[in-house]
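Protein chains in written order, with our numbering: chain A, -4 to 452; chain B, 422 to 739. Note that CB positions come from ideal geometry on N, CA and C, so glycine has one too. Below is one structure, written out as structure tokens; the observations come after it.
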């Protein structure tokens, strides 16, 4: 052995430790799943929307679809992630490189993401899918820019109505086939239902986790009002500090504090009203049709007990939904693979009938009154499959379906989630404080929404 | 003056001066030898320092830089100077959040400081089932904070919640608990106190048990009762640990987040705290990470004062 053994040992230790530290650091830092690359000719993509383990049937369906897709496309590997979009973590995930290669967004988001170049342009890849043209053009336009470039694919569409408990209607002496169609009728019926006692709430509403603002918006639309209005110069301004806003809040305040028909428990968020409905403790609330199977499957309600009526007031109803967009960091191969997956799973007219058959065989809901995303032959196939395989008590949804064509569908306001967060405060105050200053609340929220909308323009 | 300077003039050359006069070759050789002798230590230190730099100091510095930028973490950040701070001071929720945080901290000190001390004294006096009660007091600490808070959410339910059911059963008026601006803050403090008192209690208990028994015996011989022993022996002996815990509690309660976030949300001005306002700025309403960072820097400065006091106290104890 020659040289300086101590120095040599020191250099070795230093090199090994430095390498280990760097490796450790790199492994600690690289948790991004949004940049999976191709290897050995196989393209790997991460996708969200995998149902949670608490929904085993749909999870099984999803994984079966992944397997079928991979069999059809042996050079693509799909890595599913649970969940869809959480408005409160979305921006951070996007910024932190944690977003999947294919990710779900609400209809309120594409415009902003396209403007900020935060979604990949998929226009060149769509020519391989002529069937996509059968999706309603109004929905496809949500994912397009002014030049007609496409950045995403719509998946579903909903419109709000009034979910009500037919059993409680009967007990309160109300006609379960004739749900209320005006807010005055909602108030009167809610009083009768609450009068049944045993902790039963007549009408329920949200005031937390952006759900309060979402419902306030739906209630404004129902009376022909708005939440934000575009100005002649193209900018947006708050539009709820007015007589319609006061009517919505005064009605809720009076139902809560004068009639005592909204229960004492407030600051509710999405699952709370479903839980109350499943437990038979709630008469009515604003919701979309897909709440009913969730109430039945997760909260042990009987699907036959629930009806769906049109939104009270009927001058407009909140329409929303979502679709899939593609990570701008995706490679062209990943975008191609992502588009192939989305088309296979969500926009495949060939799977409409087999999808209904599979759902019906597994006792999953078929025949819910949700707006059809298809046109032409695909729409006809969907209508026929729903009619043939319906396992939901569709007659209970007749009031909603009959009224829907006459009610304008209004999309959500710009910066919807942030606007809803501001409006949560208004709803929370009205429902938790008897002496809430409605004028002051509207004025303050309007000022905040104006400032939010101005910051984004 | 001249006499006072004399010792300085006669002082021998300092080590520093000595090194300066040593030949460069010898200095380098000594440095190389020292480095070689301690290579292993420096290597391990380097790994630790690198980790600290990456995961602790870098985020800190990045946060301070971010507070002077307009950044939604999506588009490129823009340097805006003090704009974020000006925006903060103009926001009416800014003062509300600090006021609420101060109120929460004050109430949490009243309850969370006094209750664990009282419980520790009681546990120390117990003759039987000591181990059982110690575990029972510490149990809530082992629950994840969100679980504790959701448990209390059920207790506070103004309709069929445990507390109101009990009040109704006793023929007493019920309360809105977290849903009324008059009771919301104290309700949050109760949850926090319940969830965190176990740790403080055990620390007090350890301090109590380290007090020499002879002091109590001497006091008893002098005819001191329970209160006199508490006043003249226990409290003076525990003064230091009480002071340290007070500072630690101020530091932790000023960062309260889970309780208001889960129980009352980030929108209710009557319970919004500094941390929930930071969340609101970053994620919920403004999507402005620069604004959230500037609020975080202010909180960091305030907590830094208490942390400095804590360090000084613990150094004195050492």
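### Nearest neighbour of residue 87/A, chosen from 64/A, 66/A, 75/A and 113/A [CA to CA]
Position 92 of the first chain, counted from the first residue, corresponds to residue 87/A. Measuring from the Cα of residue 87/A, the nearest candidate turns out to be 113/A.
### Task
Using 10 angstroms around the beta-carbon of residue 214/A, count the other beta-carbons present and answer buried if the total reaches 16, otherwise exposed.
The count along the first chain starts at 1 and reaches residue 214/A at position 219. It is buried - the Cβ of residue 214/A has at least 16 other Cβ atoms within 10 Å.
### Query
Is it the case that the Cβ atoms of residue 711/B and residue 488/B are separated by a distance below 8 Å?
Along the second chain, one-based indexing puts residue 711/B at 290. Along the second chain, one-based indexing puts residue 488/B at 67. Judged by beta-carbon spacing, residue 488/B lies within the 8 Å limit of residue 711/B, meaning their Cβ atoms are closer than that value.
### Query
Between which two residues does the beta strand (DSSP E) carrying residue 45/A extend?
To locate residue 45/A, count along the first chain from 1; it is residue 50. Per DSSP, residue 45/A belongs to the beta strand (DSSP E) from 38 to 45.
### Query
Taking a cut of 7 Å between CB atoms, which residues from the region 402 to 427 of chain A lie near chain B?
Flagged, chain order: 413, 416, 417, 419, 420, 423 and 427.
#### Entry: Endpoints, beta strand (DSSP E) assigned at residue 312/A
Numbered from 1 along the first chain, position 317 holds the residue referred to as residue 312/A. From DSSP, the beta strand (DSSP E) with residue 312/A extends over 312 to 321.
### Query
Is the beta carbon of residue 498/B less than 8 Å from the beta carbon of residue 490/B?
Taking the second chain and counting its residues from 1, the one referred to as residue 498/B is at position 77. Taking the second chain and counting its residues from 1, the one referred to as residue 490/B is at position 69. Against a cut-off of 8 Å, the Cβ pair of residue 490/B and residue 498/B comes out as a contact.
### Query
Within the 8 Å Cβ cut-off, does residue 438/B reach chain A?
Looking up residue 438/B in the second chain gives position 17. The predicted position of residue 438/B is uncertain, since its pLDDT is 44 and thus under 50; a value taken from the coordinates is nonetheless stated next. So no, residue 438/B is outside the interface.
#### Entry: Own chain, CB closer than 7 Å to residue 310/A, minus 5 neighbours either side, in chain order
As a first step, residue 310/A is located in the first chain; it is residue number 315 there, counting from the start. Cβ within range, chain order: 217, 218 and 219.
#### Entry: Reduced DSSP category for residue 73/A - H, G, I as helix; E, B as strand; rest coil
Residue numbering aside, residue 73/A sits at position 78 when the first chain is read from its first letter. It is a strand residue.
### Message
Less than 8 Å between the C-beta atoms of residue 723/B and residue 622/B, yes or no?
### Response
Along the second chain, one-based indexing puts residue 723/B at 302. Along the second chain, one-based indexing puts residue 622/B at 201. No, they are not a contact pair.
### Message
By the three-class DSSP mapping on this structure, what secondary structure does residue 301/A have?
### Response
Position 306 of the first chain, counted from the first residue, corresponds to residue 301/A. Of the three classes helix, strand and coil, the one that applies to residue 301/A here is strand, per DSSP.
### Task
Decide yes or no for the touch test of the region 595 to 604 of chain B against the region 252 to 264 of chain A: beta carbon pairs closer than 8 Å, at least 3 of them.
yes
### Query
For residue 441/A, is the classification buried or exposed, using 16 other Cβ atoms within 10 angstroms of its Cβ as the cut-off for buried?
What you label residue 441/A is simply residue 446 of the first chain in a count that begins at 1. By the neighbour-count rule (16 or more Cβ atoms within 10 Å), residue 441/A is buried.
### Query
What is the rounded straight-line gap between the Cα of residue 10/A and the Cα of residue 465/B?
Numbered from its first residue, the first chain carries residue 10/A at position 15. Numbered from its first residue, the second chain carries residue 465/B at position 44. Residue placement at residue 10/A is flagged as unreliable, the pLDDT there being 41, under the threshold of 50; the coordinate-derived value follows with that caveat. The straight-line gap from Cα to Cα measures roughly 11 Å.
### Query
How is residue 277/A classed by DSSP in three states: helix, strand or coil?
Counting from 1 along the first chain, the entry for residue 277/A is found at position 282. In the structure shown, residue 277/A sits in a strand (DSSP, three-state: E or B).
### Query
For residue 686/B and chain A, any beta-carbon pair shorter than 8 Å?
Taking the second chain and counting its residues from 1, one reaches residue 686/B at position 265. Closer than 8 Å: yes.
### Query
Of all the residues that make up the region 571 to 595 of chain B, which are near chain A by a beta-carbon distance shorter than 9 Å?
578, 579, 580, 581, 582, 585 and 595
#### Entry: Interface partners of residue 677/B on chain C, CB under 8 Å
Protein chains A and B are contained in the structure displayed, whereas chain C is not.
### Which of helix, strand or coil DSSP assigns to residue 283/A
Locating residue 283/A in the first chain gives position 288, where the first residue counts as 1. In this structure, residue 283/A counts as coil in the three-state DSSP scheme.
### Message
For the pair the region 166 to 178 of chain A and the region 281 to 288 of chain A, tell me if three or more CB-CB distances fall below 8 Å.
### Response
no
### Query
What three-state label does DSSP hand residue 124/A in the structure shown?
As a working mapping, residue 124/A is identified with position 129 in the first chain. Coil at residue 124/A, not helix or strand.
#### Entry: chain A residues whose Cβ lies nearer than 9 Å to that of residue 477/B
What you label residue 477/B is simply residue 56 of the second chain in a count that begins at 1. Result: empty, since nearest Cβ-Cβ is about 13 Å, beyond 9 Å.
### Query
So is residue 182/A buried or exposed if we call it buried at 16+ other beta carbons inside 10 Å?
Taking the first residue of the first chain as 1, we reach residue 182/A at position 187. With 16 or more Cβ atoms within 10 Å of its Cβ, residue 182/A is classed as buried.
### Message
DSSP three-state label for residue 233/A, please.
### Response
Here residue 233/A refers to the residue found at position 238 of the first chain. DSSP places residue 233/A in strand when its eight states are reduced to three.
### Sub-8 Å separation of residue 321/A and residue 341/A beta-carbons
Here residue 321/A is taken as the residue at index 326 of the first chain, counted from 1. Here residue 341/A is taken as the residue at index 346 of the first chain, counted from 1. Taking 8 Å as the Cβ cut-off, residue 321/A and residue 341/A do not qualify as a contacting pair.
### Message
If you measure between the beta carbons of residue 445/A and residue 232/A, is that distance less than 8 Å?
### Response
To locate residue 445/A, count along the first chain from 1; it is residue 450. To locate residue 232/A, count along the first chain from 1; it is residue 237. Contact: yes.
### Query
CA-CA distance, residue 628/B and residue 542/B?
Translated into positions along the second chain, residue 628/B becomes position 207. Translated into positions along the second chain, residue 542/B becomes position 121. Roughly 10 Å separates the two Cα atoms.
### Task
Mind reading off the beta-carbon distance from residue 694/B to residue 521/B? Whole number of angstroms is fine, and I expect it under 8 Å.
Position 273 of the second chain, counted from the first residue, corresponds to residue 694/B. Position 100 of the second chain, counted from the first residue, corresponds to residue 521/B. Between residue 521/B and residue 694/B the Cβ distance is about 5 Å, and since that is below 8 Å, they are a contact.
### Message
Whether or not the region 674 to 684 of chain B and the region 557 to 577 of chain B are in contact is what I'm after, with contact meaning three or more pairs of Cβ atoms, one per stretch, closer than 8 Å; do they touch?
### Response
With three or more CB-CB distances shorter than 8 Å, the region 557 to 577 of chain B counts as touching the region 674 to 684 of chain B.
#### Entry: Counted within 10 angstroms of its Cβ, other Cβ atoms place residue 699/B as buried (16 or more) or exposed
In the second chain, residue 699/B corresponds to position 278, counting from 1. Buried is the call here.
### Task
Note down, in chain order, every chain B residue with its Cβ under 7 Å from the Cβ of residue 260/A.
Counted from its first residue, the first chain places residue 260/A at position 265. What residue 260/A touches in chain B: 578, 579 and 580.
### Message
Distance check for residue 304/A and residue 158/A, CA to CA, integer angstroms please.
### Response
Position 163 of the first chain holds residue 158/A. Position 309 of the first chain holds residue 304/A. Residue 158/A and residue 304/A: Cα-Cα distance of roughly 6 Å.
#### Entry: Whole-number beta carbon distance between residue 423/A and residue 203/A, since they are thought to touch under 8 Å
In the first chain, residue 203/A corresponds to position 208, counting from 1. In the first chain, residue 423/A corresponds to position 428, counting from 1. Rounded, the Cβ-Cβ distance is 7 Å, consistent with contact.
### Query
Any idea if residue 117/A is buried or exposed, counting beta-carbon neighbours within 10 angstroms, 16 or more meaning buried?
As a working mapping, residue 117/A is identified with position 122 in the first chain. Classification for residue 117/A: buried.
### Message
Which residues of the region 602 to 628 of chain B have a Cβ closer than 8 Å to any Cβ of chain A? Give them in chain order.
### Response
602
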